[in-house]
Amino acid sequence: MREIKTVTVLGANGTMGAGSAAIVAAFGKAKVHMLARDVNKAKEGIEKAISSIKTDTIRPRLIPGSYDQDLEKAVSESDWVFELVAESYEVKEPINKRIAKARKPGTIVSTVSSGLSIARLADAFDEDGKKHYYGTHFFNPPYKMILCELVTHAGNDKKVTKKLGEYLDKTLGRAVVYTNDTPAFAGNRIGFQLINEAAIKAEEYSDKGGIALIDAIMSGYTGRAMAPLDTADFVGLDVHKAIVDNLYEMTKDAAHSTFKLPGYFQKLIDKGDLGRKSGQGLYKMTKTPDGKKEKLYYDIKGDLYVPVPKFDIPFIKAANSRIGEADYIGAMNIVKEAKGLEADIARYFIARYVSYSLSIVGEVVDTKEMSDLAMGTGFNWAPASAFVDFLGGPKEAISLITKAKLPVPEVLAKAKAGKPFYQLKDILDARSLFKG
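For the sequence shown, my numbering gives the first residue as 62, with consecutive numbering after it.
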């Protein structure tokens with residue numbers, strides 16, 4: 062792989078395209094052709110890029126252009142073509158054919174996709190093009206979310222993969238997770254499994270608080286910066302649907318049924334209630350008559366919004382208190398010993414998260430460190446391996462998973478007793494790891 066001095070970004074006017082271009086220009090010091098449907102859109106992308114990193118110093122390196130007028134020339138002089146157009150084969154494949162005709166041998170071409178087949182997209186290229194074609198799944202916004210899933214396929218050259226991974230890591234400051242070409246890759250597969258199953262449970266317990274109850278149970282003490290259903294609202298219910306529908310169709314693992322979209326999600330989508338971007342979805346912010354902000358949640362059975370109640374769940378208060386003292390093992394001991402429905406739900410989802418995160422090792426990623434890095438840097442969730450230690454070690458984690466009637470991952474079953482399952486050094490080493 063040659064030195065990356067010139068880059069073409071296709072889809073430069075979008076939030077992800079502009080943000081990614083800013084990273085390449087700022088950290089990679091590369092000249093970046095910012096291409097969009099028309100030059101004015103590309104210029105808008107330049108302003109977004111500058112705004113995303115809050116410095117005007119990259120402006121001279123950002124060059125606006127359009128697909129019709131500038132694609133072939135820009136691609137022909139680029140060392141990396143970074144495509145971020147709409148998430149569909151119908152849009153990406155015709156663009157790839159044009160890129161394939163214009164690219165020089167040795168030019169890296171990559172796509173941002175949250176689940177399309179990288180091997181299929183690589184079919185537009187000759188042997189050299191296939192060797193240099195990848196998925197580079199940046200997370201949004203790129204300046205704040207440092208995860209990049211580097212997705213490989215059978216036609217890749219391992220030496221090129223290693224060099225590209227080092228560039229993404231050492232030059233662009235990405236936390237690189239090497240994943241195989243599987244549906245939704247690592248982060249979204251793990252994350253949306255839990256989010257969608259939480260949505261299913263919310264319907265099951267709709268008469269006890271539903272959405273609000275599940276998010277209260279799955280709050281910060283479970284290692285999440287944002288509760289799962291609040292996350293779905295933040296991402297957008299339409300985006301959530303696209304990801305889980307793909308996973309439901311394309312995967313057949315032990316969690317397959319949990320990827321089925323709940324009916325009330327589709328009901329909200331059909332009404333245009335997509336989450337925060339539309340003003341309401343699973344939640345809605347409003348004001349009381351005296352002008353105070355009030356958060357409402359969607360009552361699934363009643364098909365209306367009602368105030369989020371203040372749940373009084375003693376074991377959560379106790380666990381949060383321990384976490385405030387950095388006693389994570391003590392917090393999990395409280396959760397393990399607590400009684401009642403809420404505690405049962407909490408234990409189930411902790412077991413599910415550990416079970417599913419580690420079960421993708423071997424199929425989606427080569428090591429547990431890759432799964433851990435994906436969830437830590439892509440979702441701001443405490444890694445599953447850390448939970449194994451918080452629970453008391455592999456034996457205790459296996460016990461929790463078994464009681465929840467969930468599969469025990471092979472990597473956990475083979476773990477040695479008495480040795481920490483999660484080590485920060487493993488995660489830092491994983492940033493530059495590639496196993497062929």
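Using N, Cα and C, we set each Cβ at its ideal position, and we do this for glycine too.
Contacting residues, own chain, Cβ-Cβ under 7 Å from residue i (five flanking each side not counted)
i: residue 99; result: 127
i: residue 105; result: 74
i: residue 135; result: 69, 94, 96, 126
i: residue 495; result: Confidence at residue 495 is low in this model, with a pLDDT of 35, below 50, so the placement of that residue is unreliable and no value is reported for it.
i: residue 234; result: 88, 207
i: residue 292; result: 256
i: residue 399; result: 376
Residue i, enclosing beta strand (DSSP E) - first and last residue
i: residue 97; result: 92-97
i: residue 198; result: 194-199
i: residue 143; result: 141-144
i: residue 150; result: Where residue 150 is concerned, there is no enclosing beta strand (DSSP E), although the alpha helix (DSSP H) it sits in stretches over 150-163.
i: residue 236; result: 236-240
i: residue 69; result: 67-71
i: residue 367; result: 365-368
Selected residue, minimal CA-CA separation from residue i, among the options
i: residue 260; options: 404, 203, 359; result: 359
i: residue 117; options: 371, 145, 87; result: 87
i: residue 479; options: 431, 453, 163; result: 453
i: residue 466; options: 413, 445, 142, 435; result: 413
i: residue 319; options: 308, 430, 154; result: 308
i: residue 407; options: 450, 464, 163; result: 464
i: residue 323; options: 142, 305, 190, 337; result: 305
i: residue 198; options: 190, 211, 112; result: 211
i: residue 174; options: 114, 257, 244, 112; result: 244
i: residue 5; options: 219, 190, 108, 421; result: Nothing can be reported for residue 5, as the shown portion of the chain is limited to 62 through 497.
i: residue 65; options: 113, 170, 191; result: 170
i: residue 59; options: 163, 385, 137, 183; result: With the chain covering 62 to 497 only, the question about residue 59 has no answer from this structure.
i: residue 357; options: 317, 271, 402; result: 271
i: residue 457; options: 432, 442, 393, 444; result: 393
i: residue 204; options: 389, 448, 81, 459; result: 81
i: residue 501; options: 284, 146, 145; result: Within the shown structure, residues of the chain are numbered from 62 to 497, placing residue 501 beyond reach of any answer.
i: residue 404; options: 275, 385, 369; result: 275
i: residue 188; options: 483, 218, 258; result: 218
i: residue 370; options: 355, 348, 376, 379; result: 355
i: residue 317; options: 258, 288, 138; result: 258
i: residue 431; options: 130, 248, 155; result: 248
i: residue 266; options: 176, 448, 402, 252; result: 402
Own chain partners of residue i with C-beta closer than 6 Å, once the 5 adjacent residues on each side are dropped
i: residue 340; result: none
i: residue 186; result: 161, 194
i: residue 200; result: 206, 208, 439
i: residue 372; result: 277
i: residue 269; result: none
i: residue 490; result: With a pLDDT of only 49 at residue 490, under the threshold of 50, the placement of this residue in the model should not be trusted; the figure read from the coordinates follows. Within the same chain, residue 490 has no close Cβ partners at all.
i: residue 85; result: 68, 91, 93
i: residue 493; result: Note that residue 493 scores a pLDDT of 37, beneath 50, so its modelled location is shaky and nothing firm can be said.
i: residue 114; result: 83, 87, 204
i: residue 145; result: 72, 77, 78, 173
i: residue 497; result: Bear in mind that the predicted position of residue 497 carries a pLDDT of just 29, short of 50, making it too unreliable to give a figure here.
Counterpart residues of residue i in DSSP-defined beta bridges
i: residue 127; result: 97
i: residue 171; result: 143, 195
i: residue 210; result: 198, 238
i: residue 347; result: 355
i: residue 426; result: 422
i: residue 336; result: 341
i: residue 360; result: 365
Residue i: first and last residue of the uninterrupted alpha helix (DSSP H) it sits in
i: residue 81; result: 76-88
i: residue 434; result: 429-439
i: residue 397; result: 389-398
i: residue 420; result: 402-420
i: residue 250; result: 248-265
i: residue 284; result: From DSSP, residue 284 is part of no alpha helix (DSSP H); its letter is neither H nor E.
i: residue 329; result: 324-331
i: residue 301; result: 298-311
i: residue 446; result: 445-451
i: residue 456; result: 455-464
i: residue 470; result: First-last for residue 470: undefined, no H or E at that position.
i: residue 229; result: Note, residue 229: premise wrong, no alpha helix (DSSP H); not H, not E.
i: residue 63; result: It is not in any alpha helix (DSSP H) - residue 63 carries neither H nor E in the DSSP assignment.
i: residue 178; result: Looking at the DSSP string, residue 178 is not in any alpha helix (DSSP H), and its letter there is neither H nor E.
i: residue 275; result: 271-278
CB contact below 9 Å: residue i versus chain D
i: residue 66; result: Among the chains of the structure shown, chain D does not appear; only one protein chain is present.
**Message:** Three Cβ pairs or more, each shorter than 8 Å: is that satisfied between the stretch 363-370 and the stretch 418-434?
**Reply:** no
**Message:** For the structure I just gave you, are there three or more beta carbon pairs, one from the stretch 288-302 and one from the stretch 227-236, closer than 8 Å?
**Reply:** no
**Request:** Check whether the stretch 299-306 touches the stretch 342-351, taking contact to mean three or more Cβ pairs, one atom from each stretch, closer than 8 Å.
**Result:** no
**Prompt:** Does the stretch 415-424 touch the stretch 469-476, meaning 3 or more C-beta pairs lie closer than 8 Å?
**Reply:** yes
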